[in-house]
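Peer 1: Taken in sequence, the protein lines are chains A and B.
The end of the first sequence is residue 695 by the numbering used here, with every number in the run present.
The end of the second sequence is residue 695 by the numbering used here, with every number in the run present.
2 protein chains.
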Amino acid sequence: MVTATQQLNDTFAALADPTRRAILGRLMEGEASVAELTEPFEMSQPAISKHLKYLERAGLVSRHRDAQRRMCRLEAAPMAQAVGWLEGYREHWEANY
Amino acid sequence: MVTATQQLNDTFAALADPTRRAILGRLMEGEASVAELTEPFEMSQPAISKHLKYLERAGLVSRHRDAQRRMCRLEAAPMAQAVGWLEGYREHWEANY
DNA sequence: TCGATTTATAACTATTCGGCTATCAACACC
DNA sequence: GGTGTTGATAGCCGAATAGTTATAAATCGA
Chain A
599 MVTATQQLND TFAALADPTR RAILGRLMEG EASVAELTEP FEMSQPAISK HLKYLERAGL
659 VSRHRDAQRR MCRLEAAPMA QAVGWLEGYR EHWEANY
Chain B
599 MVTATQQLND TFAALADPTR RAILGRLMEG EASVAELTEP FEMSQPAISK HLKYLERAGL
659 VSRHRDAQRR MCRLEAAPMA QAVGWLEGYR EHWEANY
């Protein structure tokens, strides 16, 4: 079982890296293979695979096979939980002058 | 200068730790000294000081002196930016079932 | 001024992160 | 079945995290 606390830990940690946020941005346009996700970055393919592992651990990305390729899909649900947590603070950032 | 990217990195990283989220929760009730923030945790005072440093780096906490004490105050503004970024994905998590 | 309180800092350790290169596994296509 | 493509895994490295204890600095109160 994965607690809500652990889920928030993993989600926020996944979002803390700019490469991972860029990957999520790319996945907004639709599914992509690992090779397609690697292309825009000056970074090795294994490095991107590692980033995908963190995104998958947080539940932000799911994967399925397509022949040799592993297609990656955006799963935004954990973001809803993160926003839910943050919303508890809304009155504090709106209270400001 | 601090870029928006760097700000998001620091904010999400700060929020990724449950101790730091608990500290922010305590600060919703109002200002608190470092000693008061340390009390609920089974953790040394220097450990809490370090957590406060990350929160301060993200701009989520500010501090001012009160005699020997350093009072900590919640600064929720960076959360608004984080929510702003997350909102770009709202349609994706609402589309799903 | 002395002692107590509060907090930060230094130094150390173990673990995780973010990158690399090298290599292995799975699949498609002759 | 051999070859090429795609992606994962292993092992390495340096930097950052998350904790510790010990100590220094700042302030208050007597």
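Built from N, CA and C at the ideal position, the CB exists for glycine as well.
Keep in mind it's a predicted model, so treat the numbers as computed, not measured.
With the cut-off set at 8 Å, would you say Val681(A) and Leu672(A) are in Cβ contact?
Peer 2: Not in contact: Val681(A) and Leu672(A) (Cβ atoms no closer than 8 Å).
Peer 1: Tell me the DSSP bridge mates of Leu684(A)?
Peer 2: In the DSSP output, where bridge partners are listed per residue, Leu684(A) has none listed.
Peer 1: Specify whether the segment 607-616 of chain B and the segment 685-694 of chain A touch according to this definition: at least 3 beta carbon pairs, one from each stretch, less than 8 Å apart.
Peer 2: No, they do not touch.
Peer 1: Does DSSP put Asp615(A) in a helix, in a strand, or in coil?
Peer 2: Of the three classes helix, strand and coil, the one that applies to Asp615(A) here is coil, per DSSP.
Peer 1: Is Leu606(A) closer than 8 Å to Cys670(A) when the C-beta atoms are compared?
Peer 2: Contact flag unset, no.
Peer 1: Name, in chain order, the residues that DSSP records as bridge partners for Arg668(A).
Peer 2: Looking at the DSSP assignment, Arg668(A) forms a beta bridge with Arg663(A).
Peer 1: Going by C-alpha distance, which of Asp608(A), Gln604(A) and Phe639(A) is nearest Ile621(A)?
Peer 2: Out of Asp608(A), Gln604(A) and Phe639(A), Phe639(A) has the C-alpha closest to the C-alpha of Ile621(A).
Peer 1: Name the chain B residues whose beta carbon is nearer than 7 Å to that of Leu635(A)?
Peer 2: Going along chain B, no residue has its Cβ under 7 Å from Leu635(A), so there is no contact; the nearest lies around 17 Å.
Peer 1: Does the segment 651-668 of chain B come within contact of the segment 645-664 of chain A, defined as at least 3 CB pairs closer than 8 Å?
Peer 2: Contact fails: fewer than three Cβ-Cβ distances are below 8 Å.
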